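Only one structure is covered here, and it is reproduced in the block below.
Number of protein chains: 2
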Amino acid sequence: MSQPLSVPFLSGDHDHQACLSSALQAAEQICRRRNRRFTELRRKIFCLVWQQHKPVGAYQVLEILQREGRAAPPTVYRTLDFLQEMDLVHRIISLNAYIGCCQPGSRHDGQFLICEACHALAELNTPLVTSAVEATADRLDFEITRNMVEVLGLCPACRRKASSS
Amino acid sequence: MSQPLSVPFLSGDHDHQACLSSALQAAEQICRRRNRRFTELRRKIFCLVWQQHKPVGAYQVLEILQREGRAAPPTVYRTLDFLQEMDLVHRIISLNAYIGCCQPGSRHDGQFLICEACHALAELNTPLVTSAVEATADRLDFEITRNMVEVLGLCPACRRKASSS
DNA sequence: TTTGTAATGTTATAATATAACAATTCAGAA
DNA sequence: TTCTGAATTGTTATATTATAACATTACAAA
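These protein sequence lines map, in sequence, to chains R and S. The first sequence: position 25 = 318 (my numbering), numbered continuously. The second sequence: position 101 = 394 (my numbering), numbered continuously.
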């Protein structure tokens with residue numbers, strides 16, 4: 294397990310380039326293992342999403358693609374669906390947006406802390422939260438297929454800015 | 294506190310009429326207390342949403358309104374926003390839909406168990422889940438403004454149906 | 001009765017997402 | 001190598017969800 298369990302809010306010294314290239318390697322491996330093709334289109338969109346380190350909308354992706362030629366919404370949505378299926382990106386429902394997954398290839402829902410001010414996002418996989426939800430569902434005899442936890446608020450940096458103004 | 298802390302999946306003997314009329318009374322009281330008008334339009338849409346006991350989309354509400362005369366989307370969205378502001382309905386983000394709130398007038402986010410088969414929904418307010426999320430946010434120095442927990446899966450009834458077929 | 005604010009109506013359009021079918025690509029079989 | 005079927009991508013059209021901008025109406029308090 295070389296992947297971190299969570300991606301907290303990024304610090305200034307984050308190395309985007311290294312981050313992206315290790316994510317790319319992981320993605321290739323996962324697709325190979327599952328016998329799916331990691332095509333040029335998929336690679337391109339994967340990179341677009343991963344490079345942001347922020348939630349990015351389908352139409353934002355589309356716009357970037359269109360700078361280099363024709364492209365239409367279904368292409369983008371299909372590819373994002375594929376990347377989700379491969380557990381390479383997450384969809385953030387409260388934002389209608391996508392973000393790179395910090396544990397590529399492993400089936401998990403994650404919990405997301407989303408900063409309303411700067412739009413930074415932290416992906417967590419906190420067992421405490423997961424098990425609290427599972428225990429509650431169990432108690433009601435409910436069978437979970439997907440567990441969405443999205444928390445809006447202020448990240449540490451924006452909190453400091455807000456309190457100092 | 295005469296309101297229940299949660300609305301689990303409804304049993305067969307649920308009395309819709311009584312349920313709606315007590316919700317209506319609560320709604321009137323809350324608006325009066327906050328000096329906001331509970332107009333005819335707001336009352337009508339509140340009733341439409343409450344009567345379903347299921348998540349209902351804005352355009353479904355619109356369609357029902359249009360059976361009795363003209364109506365346009367902004368009217369519906371504005372009214373649903375108002376009802377949310379008064380803590381009378383919840384918005385279910387994963388469904389783009391609305392549902393009556395089981396603790397009208399009290400600020401809370403709730404947790405929702407949503408059946409993918411029959412679209413029944415249970416609203417919970419489980420302290421275990423809430424505090425797990427809060428503890429996690431605290432640990433990262435994140436300030437919560439809204440906490441969305443939506444769980445997709447199978448309700449007890451649909452589980453039984455699924456396993457017996 | 002006036003008057004200002006809140007509420008609602010109206011028109012147009014933005015933003016998000018998918019259906020349906022055509023064309024292309026590619027790995028493996030022949 | 002060529003063929004073939006499945007997977008992938010392209011293309012067109014349209015469905016679904018949501019809001020901007022401004023006009024009109026209703027209502028409470030002066």
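Heads up, the beta-carbon is just placed ideally off N, CA and C, and yes, glycines get one too. Here the structure is a predicted model, which is why all the values come from computation and not from measurement.
Whose C-beta lies closer than 8 Å to the C-beta of residue i among residues of the same chain, with five residues either side of it excluded?
i         : result
GLN322(R) : GLY398
SER458(R) : none
ALA365(R) : LEU355
ILE385(S) : PRO348, TYR391, ILE392, PHE405, ILE407, LEU414, GLU443
ASP306(R) : none
ARG400(R) : ASP380
SER456(S) : none
Considering just the uninterrupted stretch of the beta strand (DSSP E) at residue i, what are its terminal residues?
i         : result
ARG439(S) : 436-447
LEU406(R) : 404-408
VAL382(R) : 382-385
LEU417(R) : 414-417
Have a look at the options and flag the residue whose alpha-carbon is nearest the alpha-carbon of residue i.
i         : options                                    : result
GLY350(S) : GLU409(S), HIS307(S), SER387(S)            : SER387(S)
LEU373(R) : ARG363(R), ASN328(R), PRO348(R), SER314(R) : PRO348(R)
GLU416(S) : ALA430(R), GLY403(R), ASN418(R), CYS394(R) : ALA430(R)
ARG327(S) : CYS448(S), CYS411(S), MET379(S), ALA425(S) : MET379(S)
ALA304(R) : ALA364(R), LEU381(R), ALA450(R), SER456(R) : Correcting the residue identity first, residue 304(R) is Ser in this sequence and not Ala. For the residues ALA364(R), LEU381(R), ALA450(R), SER456(R), the minimum Cα distance to SER304(R) belongs to ALA450(R).
HIS412(S) : PHE339(S), TRP343(S), GLN353(S), LEU447(S) : LEU447(S)
VAL369(S) : PRO301(S), ILE338(S), TRP343(S), SER456(S) : ILE338(S)
PRO367(R) : ARG400(R), TYR352(R), ILE357(R), GLU361(R) : TYR352(R)
LEU341(S) : CYS324(S), SER456(S), THR419(S), CYS312(S) : CYS312(S)
ASP434(S) : ASP434(R), ASN389(R), ARG452(R)            : ARG452(R)
Do you know how far the Cα of residue j is from the Cα of residue i?
i         : j         : result
ALA319(S) : LEU317(R) : 55 Å
THR423(S) : THR438(S) : 13 Å
GLU436(R) : LYS454(R) : 42 Å
CYS394(S) : GLN359(S) : 24 Å
SER314(S) : LEU376(R) : 47 Å
GLY403(R) : GLU333(S) : 42 Å
GLN489(R) : GLN345(R) : Given that chain R is displayed from residue 294 to residue 458, the structure contains no residue 489(R) and the question cannot be resolved.
LEU243(S) : ARG363(R) : Examination of residue 243(S) is not possible in this model, given that chain S is present from 294 through 458 alone.
GLU383(R) : TRP343(R) : The sequence given here places His at residue 383(R); Glu does not occur at that position. Rounded to the nearest angstrom, the two C-alpha atoms are 11 Å apart.
ARG329(R) : ARG335(R) : 11 Å
ALA428(R) : PHE331(R) : 38 Å
CYS324(S) : ARG371(S) : 16 Å
ASP308(S) : VAL300(S) : 13 Å
Between which two residues does the alpha helix (DSSP H) carrying residue i extend?
i         : result
LEU373(S) : 366-378
LEU317(S) : 309-326
PRO420(S) : 420-432
GLN396(R) : Premise fails: GLN396(R) is in no alpha helix (DSSP H) and is neither H nor E.
CYS340(S) : 333-345
VAL354(R) : 351-359
Tell me which same chain residues have a C-beta within less than 7 Å of the C-beta of residue i, skipping the five on either side of it?
i         : result
VAL426(R) : ASN440
THR419(R) : GLN404
ASN389(R) : GLY350
ILE357(R) : LEU341
Ordered along the chain, which non-local residues of its own chain (more than five positions away) have a Cβ less than 6 Å from that of residue i?
i         : result
LEU445(S) : ILE407, GLU409
GLN296(S) : Since pLDDT at GLN296(S) reaches only 41, below the 50 mark, its modelled position is unreliable, and no value is offered.
PHE463(R) : An answer regarding residue 463(R) cannot be provided, because it is not within the stretch 294 to 458 covered by chain R.
ARG432(S) : none
Cβ-based contacts, 7 Å cut-off: residues of the region 405-437 of chain S near chain R | If the cut-off is 7 Å between Cβ atoms, the region 405-437 of chain S has LEU406, GLU409, ALA415, LEU417, THR419, LEU421, VAL422, ALA425, VAL426, ALA428, THR429, ALA430, LEU433, ASP434, PHE435, GLU436, ILE437 near chain R.
Listed in chain order, which residues of the region 441-454 of chain S have Cβ atoms closer than 7 Å to some Cβ of chain R?
-> When CB distances to chain R are screened at a threshold of 7 Å, the residues of the region 441-454 of chain S falling below it are MET441, VAL442, GLU443, VAL444, LEU445, GLY446, LEU447, CYS448, PRO449, ARG452, in chain order.
Give, in chain order, every residue of the region 360-389 of chain R whose Cβ lies closer than 9 Å to some Cβ of chain S.
-> If the cut-off is 9 Å between Cβ atoms, the region 360-389 of chain R has ILE386, SER387 near chain S.
Looking at chain S, which residues of the region 322-348 of chain R have a Cβ within less than 7 Å of any of its Cβ atoms?
-> Listed by position, the residues of the region 322-348 of chain R near chain S (Cβ gap below 7 Å) amount to none.
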